[in-house]
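*Asks:* The sequence shown begins at 0 in numbering that gives the first Met the number 0 and counts up by one.
Where a beta carbon is used, it is the ideal one built from N, C-alpha and C, also for glycine.
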Amino acid sequence: MISKSIFSFLLLALLSSPAFAIWPIPKSYQQGNKPLFIHQNLALSYNGGNVCWNSFSEHSCPLDEFSTKYEYNEQLVYTYGYSPASINSKEIVQAGVSRALASIFQTNFVPWRLHGKNELSSFEPDVNQAKWIKSLAITQTGEDKPETFKPLAGQVDESYNLTLSEDGVAKLSAVTSTGVLRGLETFSQLFYTHSTGTFYYTPYAPVSIQDSPEYPHRGMLLDVARNFYPVKDIQRTIDALSWNKMNRLHVHITDSQSWPLDLPSMPEVAREGAYSRSQIYSESDLKGLQEYGVARGVEVVLEIDMPGHIGSLNWSHPELIVAYDAQPYQWWCAEPPCGAFRLNSTAVDRFLEAMFDDLLPRVAPYAAYFHTGGDELNANDSMLDPGIRSNKTEVLQPLLQKFVDAQHARVRKHGLTPMTWEEIPLNWNVSIGNDTVVQAWLGDASVKNLTAKGLQVIDSNYNYWYLDCGRGQWMVFDNGASYNTYYPFNDWCGPTKAWQLVYSHDPRAGLAAEQAARVLGGEVAVWSETIDPVNLDQVVWPRASAAGEVLWSGRLDPATGANRTQLDAAPRLNEFRERMVARGVGASVVQMTWCMQAANSSECAVAAVTGLFDLDGDQVNWGYKHHALHPPHVAATVAAGDHRLARRRRRCAAAPALRPALPQPPASAVPLPAPAPAPAPAALSPEGEEEEEDDDDDEEDEEDEDEEDDDDVEDPHKDEEFYRGETLTA
């Protein structure tokens, strides 16, 4: 009689046979199993006109009648690395063709890790019996409009249809040039490099794909103020976003730590506020990044966070800032250095008028949004403002309402739509326009409350989509109370958001249809306290890809109505990671090679195995322990020490995060004394070892100590090499 566990594994194997590994998965697709090869002499056309190459090949561009220049009128010129000279449909598509074919012929990969050991030859087609793709015909059925290249959410049609017949005819159609770019990315993912190194093939003909995004806003927030990122690193991130069919790069470009953004009319701001003169984004840098994004269907959205998180202006304009680097920082801000605008200052208003008049005309040609920040404003800062001297909500809320109204009016004056963080409407009860897009980060309840107010929402739930979380503290702690309070130095938002957790999040889960329609999409967040250009790629990718598929394809599989499974996603994500690495992005590994080469994804899946017993005859919940794949004998060993693990967990839970709820200081006490540390969970000796508990420990700890004594009993089976548990049959 077959056991339940064996049946589960067989079922998983049947359900996990992947289709071709397109990422993100298309909405609708069919595939075959006929191999076709592709050559660089592929015949290309765009809207009926031939695509010629800037080379002396079969498809070289013809010269004009004077033999002085190439004719571009009806031709689409194809060269590797082509950059559009202007923002128009033909230039955008031309650059997209260049990148797609370069991905096939120059930065592709041999998929040996995706097949069993020594089994690649059975997957690869015979080059001596090659059938070739004859043509790729690209048709754009609609005309691009100005908003195509800087769209509000939902203003641009990104859908596409792609077919590839068995006789080698490929056709790509889309309404807009942006849709063409999405289809070209999918086309490039159909192909592999042959192990001979000189041939390129797809094993999946015939192919039919109909695809479109689930959400119109699919993005990433990149914090470039806490650590600076050179232009080339941001460009590489834009490239990776486009491969994932993500369409927004939200650049958190200033904060209290640094101001790297050049304002030509106010050069002192970046000169004094940047970390160094070499870490400033010039006017041409910004323009170049915006154009780089447009060419790839990625809109670059800038954020200047205010009225908090603005302390770096203190270096150039101290008259505008209050509470700069105030200590102890916990009273004044979420992390050092503190610094906020004076909310009742006409000088602040004049500065912002000049700043927006400098910056926004340079942003407006390339973006539809501008983000004015608004998160984590600490009311205590205004106690140090000579013009306010209060932290009371009834005093500050009207001032904040006036401040937000003024900045959003300036954003709209330049033809842009304002964005803000959730604290502005929720925590401060500030009224904002219905056009304003609110970014929620504190959880599902925030999304529900915002959409209930009729507001448009971008979801960045920190429980799932903060990619910097789980890396431990970046602050340091002296021996004594501080050390004990924050031991073992977890960050405020851990644990690490594994790709599986990122993939599990549904921004619209639990919302009524009317509220769900107001969720425009989401952004993963890359806050840079512990991230810089050296580790950027491996921290972000391919975890951000998991969110990319949720936002493009949706959390639910339309064929089944159920959540997409990790067993389906893992093989495709493994393959997509290989592509990203081949294209120059240092994405982190998803699974070890053994899992990638397994016959199916269930080989590295954890099933709910029952009927396993330890040496004392007690049932073991295999896979429950900290290591998911402990064999039964190891699981039993871990179980013996389980009470120690539980004790440590209680201590960790007792230790506060680095962002505790801030107490209100007394109105008359400035400066304020340091807050009393939370009770230490356990005293530590200088060597870091736990000291003995006091006699008055609570009853629970006494029980723990009694259990600890039991560990001293020698295990009579400790030298046994293997323990075989019993399996219950169905």
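To the nearest angstrom, how far is it from the Cα of T345 to the Cα of Y228?
*Replies:* Going by the C-alpha atoms only, they are around 34 Å apart.
*Asks:* Grab me the residues of F19's own chain with a C-beta within less than 6 Å of its C-beta, minus the 5 sequence neighbours each way, in chain order.
*Replies:* Cβ neighbours of F19 beyond the five flanking positions: Q30 and Y203.
*Asks:* Between the alpha carbons of C594 and F350, how many angstroms are there, rounded?
*Replies:* Roughly 57 Å between the two C-alpha positions.
*Asks:* Which runs of the alpha helix (DSSP H) spanning at least 4 residues fall entirely within the segment 551-590, listed in chain order?
*Replies:* Segments of the alpha helix (DSSP H) lying fully in the segment 551-590: 565-581.
*Asks:* With DSSP run on the structure shown, which of helix, strand or coil describes S27?
*Replies:* Strand.
*Asks:* What would DSSP say about W593, mapped onto helix, strand or coil?
*Replies:* Helix at W593.
*Asks:* Suppose the cutoff is 7 Å on Cβ atoms and the five residues either side in sequence are ignored; what does the same chain contact list for W331 look like?
*Replies:* Excluding positions up to five away in sequence, the list reads A322, A325, C337, N377, N379 and D380.
*Asks:* Rounded to whole angstroms, what's the CA-CA distance from D222 to V525? Just pull it up for me.
*Replies:* When rounded, the distance between both Cα atoms is 6 Å.
*Asks:* Does E548 pass the burial test, meaning 16 or more other C-beta atoms within 10 Å, or should it be called exposed?
*Replies:* With 16 or more other Cβ atoms within 10 Å, it is buried.
*Asks:* Could you pull the DSSP bridge partners for W330 from this structure?
*Replies:* DSSP, once it has assigned bridges, lists no residue as partnering W330.
*Asks:* With distances taken Cα to Cα, identify the nearest neighbour of L342 among D284, V362 and V403.
*Replies:* It is V403.
*Asks:* What does M219 pair with, by DSSP beta-bridge criteria?
*Replies:* In DSSP, M219 forms a bridge with L248 and V523.
*Asks:* Per DSSP, what kind of secondary structure is F19 in: helix, strand or coil?
*Replies:* Residue state, collapsed to three classes: coil.
*Asks:* Tell me, to the nearest whole angstrom, how far the beta carbon of E421 is from that of L449; I am working on the premise that it is less than 8 Å.
*Replies:* So it is a contact: roughly 6 Å between Cβ atoms.
*Asks:* Do the segment 266-279 and the segment 308-316 make contact, defined as three or more Cβ pairs closer than 8 Å?
*Replies:* They touch, by the three-pair rule.
*Asks:* Going by DSSP in three states, S194 sits in which element: helix, strand or coil?
*Replies:* Of the three classes helix, strand and coil, the one that applies to S194 here is coil, per DSSP.
*Asks:* Let me confirm a value: D709 is counted as buried when at least 16 other C-beta atoms fall within 10 Å, else exposed. Which label applies?
*Replies:* Because D709 carries a pLDDT of 45, less than 50, the predicted location of this residue cannot be relied on, and the following value inherits that uncertainty. Label assigned to D709: exposed.
*Asks:* Nearest by alpha-carbon distance to D443: which of T435, A451, N460 and W427 is it?
*Replies:* Cα-wise, what sits closest to D443 is N460.
*Asks:* Report the three-state DSSP secondary structure of I208 (helix, strand or coil).
*Replies:* Residue state, collapsed to three classes: strand.
*Asks:* Report the option in G178, F198 and E375 whose CA atom is closest to the CA atom of Q329.
*Replies:* It is E375 whose Cα lies nearest to the Cα of Q329.
*Asks:* Would you kindly check if the distance between the Cβ of Q596 and the Cβ of D112 is under 8 Å?
*Replies:* According to the sequence displayed, residue 112 carries Arg and not Asp. Contact: yes.
*Asks:* Which residue spans inside the segment 274-338 form an unbroken beta strand (DSSP E) run of at least 3?
*Replies:* Fully enclosed beta strand (DSSP E) runs of 3 or longer: 298-303.
*Asks:* Out of G469, Q514 and D490, which has the shortest C-alpha to C-alpha gap to A497?
*Replies:* Nearest C-alpha to A497: G469.
*Asks:* Measure the alpha-carbon distance for L500 versus N462 and round it to whole angstroms.
*Replies:* In a straight line, the C-alpha of L500 is about 9 Å away from that of N462.
*Asks:* Can you round the beta-carbon distance between H251 and M219 to whole angstroms, since I take them to be within the 8 Å contact cut?
*Replies:* 11 Å between Cβ atoms; not a contact.
*Asks:* Count the CB pairs spanning the segment 301-311 and the segment 365-372 that are closer than 8 Å, and state whether there are at least three.
*Replies:* These segments touch.
*Asks:* Between V584 and D348, what straight-line distance do the alpha-carbon atoms span, to the nearest angstrom?
*Replies:* Taking the straight line from one Cα to the other gives about 42 Å.
*Asks:* Please name the residue or residues paired with P417 in a DSSP beta bridge.
*Replies:* Paired residues: F369.
*Asks:* Are three or more beta carbon pairs between the segment 557-576 and the segment 526-537 nearer than 8 Å?
*Replies:* With a cut-off of 8 Å, the segment 526-537 and the segment 557-576 do not count as touching, because too few Cβ pairs lie within range.
*Asks:* Three-state secondary structure (DSSP) at T201?
*Replies:* Of the three classes helix, strand and coil, the one that applies to T201 here is strand, per DSSP.
*Asks:* Provide the residue span of the beta strand (DSSP E) that contains Q455, from first to last.
*Replies:* From DSSP, the beta strand (DSSP E) with Q455 extends over Q455 to D458.
*Asks:* Can you look up S134 in the DSSP assignment and give me helix, strand or coil?
*Replies:* It is a strand residue.
*Asks:* Can K149 and E298 be called in contact, C-beta distance under 8 Å?
*Replies:* For K149 and E298, yes; Cβs fall inside 8 Å.
*Asks:* Give me the Cα-Cα distance between T195 and Q234, rounded to the nearest whole angstrom.
*Replies:* So the two alpha carbons sit approximately 32 Å from each other.
*Asks:* Near S736, which residues of its chain fall below 6 Å by C-beta distance, leaving aside the five closest residues on each side in sequence?
*Replies:* With the chain represented from 0 up to 729, any question about residue 736 goes unanswered, as that position is not in the structure.
*Asks:* Rounded C-beta distance between V446 and D458? I'm assuming under 8 Å.
*Replies:* Yes, they are in contact, since the Cβ atoms of V446 and D458 sit about 6 Å apart, within 8 Å.
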